[in-house]
Amino acid sequence: MAFPTTSALTSPSKTILSRTINSSSTSFISSLPKNSIIPCYQRRSFSSSFSETSIVTLRRRGGATLKTHKGVTCSASSTLPSALLFDCDGVLVDTEKDGHRISFNDTFAEMELGVTWDVDLYGELLKIGGGKERMTAYFNKTSWPEKAPTGNEERKKFIASLHKRKTELFMVLIEKKLLPLRPGVAKLIDQAFAKGVKVAVCSTSNDKAVSAIVSCLLGPERAEKITIFAGDVVPLKKPDPAIYLLAASTLGVEPSSCVVVEDSGIGLVAAKAAGMKCIITKSGQVFLLLEIAKTYVLSSHIRHYLGTILSRHEVEVANRQQYTSDEDFSNADAVFDCIGDPPEERFDFAFCTSLLERQFVARAGHKANFALHRQILG
Numbered sequence: 244m245a246f247p248t249t250s251a252l253t254s255p256s257k258t259i260l261s262r263t264i265n266s267s268s269t270s271f272i273s274s275l276p277k278n279s280i281i282p283c284y285q286r287r288s289f290s291s292s293f294s295e296t297s298i299v300t301l302r303r304r305g306g307a308t309l310k311t312h313k314g315v316t317c318s319a320s321s322t323l324p325s326a327l328l329f330d331c332d333g334v335l336v337d338t339e340k341d342g343h344r345i346s347f348n349d350t351f352a353e354m355e356l357g358v359t360w361d362v363d364l365y366g367e368l369l370k371i372g373g374g375k376e377r378m379t380a381y382f383n384k385t386s387w388p389e390k391a392p393t394g395n396e397e398r399k400k401f402i403a404s405l406h407k408r409k410t411e412l413f414m415v416l417i418e419k420k421l422l423p424l425r426p427g428v429a430k431l432i433d434q435a436f437a438k439g440v441k442v443a444v445c446s447t448s449n450d451k452a453v454s455a456i457v458s459c460l461l462g463p464e465r466a467e468k469i470t471i472f473a474g475d476v477v478p479l480k481k482p483d484p485a486i487y488l489l490a491a492s493t494l495g496v497e498p499s500s501c502v503v504v505e506d507s508g509i510g511l512v513a514a515k516a517a518g519m520k521c522i523i524t525k526s527g528q529v530f531l532l533l534e535i536a537k538t539y540v541l542s543s544h545i546r547h548y549l550g551t552i553l554s555r556h557e558v559e560v561a562n563r564q565q566y567t568s569d570e571d572f573s574n575a576d577a578v579f580d581c582i583g584d585p586p587e588e589r590f591d592f593a594f595c596t597s598l599l600e601r602q603f604v605a606r607a608g609h610k611a612n613f614a615l616h617r618q619i620l621g
């Protein structure tokens, strides 16, 4: 009986197998020639949402005595991601509570709709992908404003007009750089570019808003290299995988070779349904405008705008809610609070590559070795 062997072996491990080898397995091992290499799987869990699978080989040393070796299964260069895909809101920038929500509320106020979305309510609405879809779902559940039309088509146009104005207000914040990039975003993108890896942003937000974030906050040089998939580019929003599948198809890469950086449960579902690796960076909605107002000399118009926001939402200064902190991310490949810049870096592009290395190991060895693993270790 032939056994596949690894291409290289490290020195024998000092650890002892924790499982007891039963009598039938002992007899089976004893029948093998000395120095036989027996590959099997070892799974290590680092947290509830992040584990590592690697191939471990067992070498017979007389009788049924086994010693372990860890195989070198693939090199980093052979498993570079073909594309690194980012969500926008909550991943590139903490935009939701102090950006989009404020812009929605200012739009409602301008139109005198008598509607205000507080922090907790907006957190619930974020479970719905897309701003227009969010407003429609809210009005359907509560009641439509008196100023809203009654026909379905007219209501769609009404929602579209609200969303257009909301986007204009939101872009003021972005163009004035009042909502900064999250730590580590620019670094991770630069690392991907340095390896020749494609980068894209896949968002349910309006295309103009996403483009403004990419160009204003990441800079024109990076923006030229980043492909944007946003808004109504697909008929179904997250958690449907359509936007990620479109990105893979357009970029000419296999979904299984893509690594996605998301911040929400619906984004995670979309990425995994597309067959991609997914890293979660929880969106921490920290109220930053007060600090910005104190730090920078701003025009009177912007100071007035900030003052209006701060007076209207003063209670939120102390509310540092993480909208996605309590979501179920058990299906994610890794979960972090952010990407992070040195010296507080949480992960880098090499970590993204390592996710595909583990995927390579599992796919390369699983069919050949899993049955043997069960036979030996029980």
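For any residue, its number in the numbering used here is found by taking its place in the sequence shown, counting from 1, and adding 243. We treat Cβ as the ideally placed atom computed from N, Cα and C, and that holds for glycine.
- Within the DSSP bridge table, the entry for Thr470 names Ala443 as partners.
- The Cβ atoms of Thr596 and Leu323 lie closer than 9 Å to each other.
- Thr359 carries a coil assignment under DSSP once its states are collapsed to helix, strand and coil.
- DSSP, read as helix, strand or coil, puts Ala577 in strand.
- Within the same chain, Asn348 and Phe351 come within 7 Å of Thr359 by CB-CB distance, once the 5 residues on both sides are set aside.
- Close CB contacts of Glu570 within its chain, under the 6 Å cut and outside five residues either way in sequence, are with Gly508 (chain order).
- With respect to Gly373, Thr447 sits close: the two C-beta atoms are nearer than 9 Å.
- Pairing Thr338 with Lys384, the inter-Cα distance amounts to about 25 Å.
- Rounded to whole angstroms, the separation of the alpha carbons of His343 and Gly394 is 27 Å.
- Per the coordinates, the alpha-carbon of Ile402 lies some 36 Å from the alpha-carbon of Asp576.
- Three or more Cβ pairs closer than 8 Å define a contact, and the region 424-441 meets that threshold against the region 327-336.
- With a beta-carbon spacing of about 7 Å, Val502 and Ile522 fall inside the 8 Å limit used to define contacts.
- Exposure of Ala437 is indicated by the presence of fewer than 16 other C-beta atoms within 10 angstroms of its C-beta.
- By the Cβ neighbour-count rule, Ala490 is buried, with 16 or more other Cβ atoms within 10 Å of its own.
- Excluding five sequence positions before and after Gly518, the CB atoms of its chain that fall closer than 6 Å to its own CB belong to Pro498 and Ser499, given in chain order.
- A Cβ-Cβ contact shorter than 9 Å links Ile345 with Leu412.
- Under the criterion of beta carbons closer than 8 Å, Tyr487 and Cys445 qualify as touching, at roughly 6 Å.
- When the beta-carbon positions are compared, Ala435 and Leu598 stay at least 9 Å from each other.
- The three-state secondary structure of Val503, taken from DSSP, is strand.
- The residue from Ser386, Met378 and Ile432 with its alpha-carbon nearest to that of Lys407 is Met378.
- Judged by DSSP in its simplified three-state form, Leu489 adopts helix.
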